[in-house]
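Per the numbering used here, numbering of the sequence shown is gapless, rising by one per residue and ending at 578. For every residue, glycine included, the Cβ atom is placed at its ideal position computed from N, Cα and C. All values reported here derive from a predicted model rather than from experimental measurement. Down below is the structure, laid out as structure tokens.
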Amino acid sequence: MTILDLQPQNVWRQFHALTQIPRPSGHTAQVADFLVEFGKKNGAEAFIDGAGNVVMRVGATPGYENRATVVLQAHMDMVPQKTKDSVHNFETDPIETWVDGEWLRAKDTTLGADDGMGVAAAMAIVEDKSLEHGPIEVLITRDEETGMYGAFDLAPDTLAGKYLLNLDSETEGEITIGCAGGMDVVCTMEYQEMNVDAAGMVAYTIAVKGLLGGHSGLEINEGRANAIKLLARVLYAAAGEGLAHLCTWHGGNMRNAIPRDGEATVLVPAAKEQEFVSLVEKCAQTFAHEYADIEKDGIQLTATPTTMPPTAVPTDIQDNLINAVLAAQDGVMRNIPTIPSIVETSSNLAIISIGGGKASVQILARSSQDSMKLFLCNSLKACFSMAGMKVKFEGGYSGWQPNTKSPLVESMSAVYERMYGTNPHILVVHAGLECGIIGPKYPEMDMASIGPTLLSPHTPSERCHIPSVQKFYDYVVELLKNIPTK
93 MTILDLQPQN VWRQFHALTQ IPRPSGHTAQ VADFLVEFGK KNGAEAFIDG
143 AGNVVMRVGA TPGYENRATV VLQAHMDMVP QKTKDSVHNF ETDPIETWVD
193 GEWLRAKDTT LGADDGMGVA AAMAIVEDKS LEHGPIEVLI TRDEETGMYG
243 AFDLAPDTLA GKYLLNLDSE TEGEITIGCA GGMDVVCTME YQEMNVDAAG
293 MVAYTIAVKG LLGGHSGLEI NEGRANAIKL LARVLYAAAG EGLAHLCTWH
343 GGNMRNAIPR DGEATVLVPA AKEQEFVSLV EKCAQTFAHE YADIEKDGIQ
393 LTATPTTMPP TAVPTDIQDN LINAVLAAQD GVMRNIPTIP SIVETSSNLA
443 IISIGGGKAS VQILARSSQD SMKLFLCNSL KACFSMAGMK VKFEGGYSGW
493 QPNTKSPLVE SMSAVYERMY GTNPHILVVH AGLECGIIGP KYPEMDMASI
543 GPTLLSPHTP SERCHIPSVQ KFYDYVVELL KNIPTK
């Protein structure tokens, strides 16, 4: 069985088409053109707005002209994550999918169901002329995963819809009505490299790989290992005991993905080589014990001899950087006091790059409380400023505050109960959704978020639950028939 055999075929056919078009964040021009062509081909008004988003407008079907306009909203980009051994090029290669029982997966890469399934559902609705619905606007934003740039740059006069269905949630049967806000904390510095005296020294690469990684909002509460933090622990111990000196350090590649791998090149005194190797082995054993019940596939921590690098990080800079990374808040900081099961404030130590006279660290801070978000960001700024780094905040946005009296959510709940005989779960999430950015631009718009069931988004283990797609799509179609009148 292949993706094209799955039900509903119209949705899976559209998703398959998306998998054939490279669309990592920052490289969405090709998929945007494809979507505009698709919209026009199917009779919609379709265009790319000034922010690089795709907008489609579809008229009401007969008998539904008096319904309020509804916006179907998703994002076109995907997170480009792959296994360490994969040779996949996200900018040129299609995603290879395969059916694993009730799940659709990708070969050694992210699947792109986040948020390709939302886009595919909207495309299927635009294409199907047999559906009953009022006026529809489709908004497919660019570069959501790297900073929600399409939503930030959306003009406040682009949409006319009264209701918005965000199709970017990741559990069927849930209606999301609120989410956390976020801020990127970017720390940088330049330093004068020191030349390496190779006499009596050997070089090693310390590498961490094989971690689960995951979505830095939805899965930050699961206690998964962070490759950058693990390397910081090894480097702190090795440098502190005079067993290693830092030359380069790299890890992570997406602000909203928990780092799965990383590596550091170090100098090791030849006379202490065995002591260094033993320390790394001891760290590997410690990590395996600490994360035995979480990192089920195991943590691979290795020290491998490598070519002698020509330069290294000066000792004082090395110590400051390692100390700052080790000390920086990472993971859950606080849960919502009134809803203890939901994370309120967290940070993801996402990307590190040290070498060539430059050092940078990128952290994504999230909170549903603006004051706690600012406190967390200032704490991180204080930490890295003490290491001599310049710290700036970028891409900040407030959380999407839930409207517990939403007429849209009330109608959505009634429709779901009528269709499936059970009440949907209504919740707020710690992940960031574009509703939090679109909402202030359209303060009168009533919004909610739904989606099929996805697991492990932002990792090569990403998978989409096939039966949930049918329920999700049927639900969207029925919601469109039940949008209130103007």
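Task: Helix, strand or coil at R105 according to DSSP, with G and I counted as helix - done: Counting from one through the sequence shown, the residue named residue 105 turns up at place 13. It is helical.
- [ ] Report yes if the CB atom of I228 is closer than 8 Å to the CB atom of V162, and no otherwise.
- [x] Within the sequence shown, the letter at position 136 stands for residue 228. Within the sequence shown, the letter at position 70 stands for residue 162. Yes, Cβ-Cβ distance for I228 and V162 is below 8 Å.
TODO: Report yes or no: do the segment 516-526 and the segment 142-154 share at least 3 C-beta pairs separated by less than 8 Å?
DONE: No, they do not touch.
Task: Option nearest K176 by Cα separation, candidates E188, V300, E266, M170 - done: Against the sequence shown, residue 176 aligns to sequence position 84. Nearest option by C-alpha distance: V300.
TODO: With a floor of 4 residues, list each alpha helix (DSSP H) that falls wholly inside the segment 315-396, ordered by position along the chain.
DONE: Whole alpha helix (DSSP H) segments, 4+ residues: 319-332, 365-382.
Open item on the list: Comparing C-alpha positions only, which one of I350, V294, R352, G343 sits nearest to L335?
Closed with: Sequence index remark: in the sequence shown, residue 335 carries index 243 (1-based). For the residues I350, V294, R352, G343, the minimum Cα distance to L335 belongs to V294.
Task: For Q165: DSSP bridge partner residues - done: Here residue 165 refers to the residue found at position 73 when the sequence shown is read from its first residue. Residue pairing by DSSP places Q165 opposite L231, N258 in a beta bridge.
Task: Contacts around E486, its chain only, beta-carbon distance under 7 Å, and the 5 residues preceding and following it disregarded - done: The sequence position of residue 486 within the sequence shown is 394, counting from 1. Closer than 7 Å at the Cβ level, and outside the excluded window around E486, lie D276, V278.
Open item on the list: So the candidates are F139, P576, P552, N574; which of them puts its Cα closest to the Cα of T202?
Closed with: For this step, residue 202 is matched to residue 110 along the sequence shown. Ranking the options by Cα distance to T202, first place goes to P552.
Task: N-terminal and C-terminal residue of the beta strand (DSSP E) that S433 is part of - done: Numbered from its first residue, the sequence shown carries residue 433 at position 341. Per DSSP, S433 is one residue of the beta strand (DSSP E) stretching across 431-447.
- [ ] Please specify which runs of the beta strand (DSSP E), each continuous and at least 3 residues long, are wholly inside the segment 190-225, giving them in chain order.
- [x] 195-198, all fully within the segment 190-225.
Task: Backbone CA spacing between T120 and H342 [nearest angstrom] - done: Walking along the sequence shown from the start, residue 120 turns up at place 28. Walking along the sequence shown from the start, residue 342 turns up at place 250. So the two alpha carbons sit approximately 26 Å from each other.
TODO: In the DSSP assignment, find the alpha helix (DSSP H) that holds S490 and state where it starts and stops.
DONE: Locating residue 490 in the sequence shown gives position 398, where the first residue counts as 1. Unbroken run through S490: none, as it is neither H nor E.
- [ ] Look at the Cβ atom of N412, then the Cβ atom of G332, and state whether they are nearer than 8 Å.
- [x] Position 320 of the sequence shown, counted from the first residue, corresponds to residue 412. Position 240 of the sequence shown, counted from the first residue, corresponds to residue 332. Not closer than 8 Å, so no.
Task: Integer-rounded CB distance, given that N318 should sit under 8 Å from L472 - done: Counting from 1 along the sequence shown, the entry for residue 472 is found at position 380. Counting from 1 along the sequence shown, the entry for residue 318 is found at position 226. A Cβ-Cβ distance of about 14 Å is found for the pair L472 and N318, leaving them out of contact under the 8 Å criterion.
Task: Among Q392, D422, I431, M346, the one whose alpha carbon lies nearest that of S439 - done: One-based indexing of the sequence shown puts residue 439 at position 347. Of Q392, D422, I431, M346, the residue nearest in Cα terms is D422.
Task: Delimiting residues of the alpha helix (DSSP H) encompassing M511 - done: Within the sequence shown, numbered from 1, the residue matching residue 511 stands at position 419. Its alpha helix (DSSP H) spans residues 499-512.
Task: the segment 357-377 touching the segment 417-434, judged by at least three CB pairs closer than 8 Å - done: No, the segment 357-377 is not in contact with the segment 417-434.
Task: Span separating the alpha-carbon of R316 from that of F564 - done: Counting from 1 along the sequence shown, the entry for residue 316 is found at position 224. Counting from 1 along the sequence shown, the entry for residue 564 is found at position 472. CA-to-CA, the gap between R316 and F564 works out to about 29 Å.
TODO: Given a cut-off of 8 Å, decide if P544 and M209 are closer than it, judged by their beta-carbon atoms.
DONE: Counting from one through the sequence shown, the residue named residue 209 turns up at place 117. Counting from one through the sequence shown, the residue named residue 544 turns up at place 452. Cβ atoms of M209 and P544: closer than 8 Å.
- [ ] To the nearest angstrom, report how far apart P516 and K533 are at their CA atoms.
- [x] Walking along the sequence shown from the start, residue 516 turns up at place 424. Walking along the sequence shown from the start, residue 533 turns up at place 441. Cα-Cα distance, rounded: 28 Å.
Open item on the list: Quick check: what's the CA-CA separation for R93 versus D200?
Closed with: Numbered from its first residue, the sequence shown carries residue 93 at position 1. Numbered from its first residue, the sequence shown carries residue 200 at position 108. The amino acid occupying residue 93 in the given sequence is Met; Arg does not appear at that position. Computed Cα separation, rounded: 19 Å.
TODO: Determine, using beta carbons only, whether P549 and H307 come nearer to each other than 8 Å.
DONE: Position 457 of the sequence shown, counting from 1, holds the residue named residue 549. Position 215 of the sequence shown, counting from 1, holds the residue named residue 307. Their beta carbons are under 8 Å apart, which means P549 touches H307 by this criterion.
Open item on the list: I need the straight-line Cα distance from E570 to H225, nearest angstrom please.
Closed with: The count along the sequence shown starts at 1 and reaches residue 570 at position 478. The count along the sequence shown starts at 1 and reaches residue 225 at position 133. Their backbone Cα atoms lie some 9 Å apart in a straight line.
Task: Identity of the residues DSSP links to A138 by a beta bridge - done: As a working mapping, residue 138 is identified with position 46 in the sequence shown. For A138, which the question treats as bridged, DSSP gives the partners M148.
Open item on the list: Once DSSP output is grouped into helix, strand and coil, what is the label at S560?
Closed with: By 1-based counting over the sequence shown, the position of residue 560 is 468. It is helical.
Open item on the list: the ligand MG and G131: does the residue's C-beta get closer than 7 Å to at least one heavy atom of that ligand?
Closed with: The ligand MG is absent from the structure shown, which contains no ligands of any kind.
- [ ] Starting from the Cα of T496, find the closest Cα among Q454, Q461, L359, M539 and give me that residue.
- [x] For the purposes of this step, residue 496 is taken as residue 404 along the sequence shown, with counting starting at 1. The closest CA to that of T496, considering only Q454, Q461, L359, M539, is found on M539.
Task: C-beta contact flag for H557 and E282 at 8 Å - done: Here residue 557 corresponds to residue number 465 of the sequence shown, with the count starting at 1. Here residue 282 corresponds to residue number 190 of the sequence shown, with the count starting at 1. Cβ atoms of H557 and E282: not closer than 8 Å.
Open item on the list: Among the candidates Q410, T184, G155, A143, whose CA atom is the shortest distance from the CA of P114?
Closed with: Numbered from 1 along the sequence shown, position 22 holds the residue referred to as residue 114. Minimum Cα distance to P114 is reached at T184.
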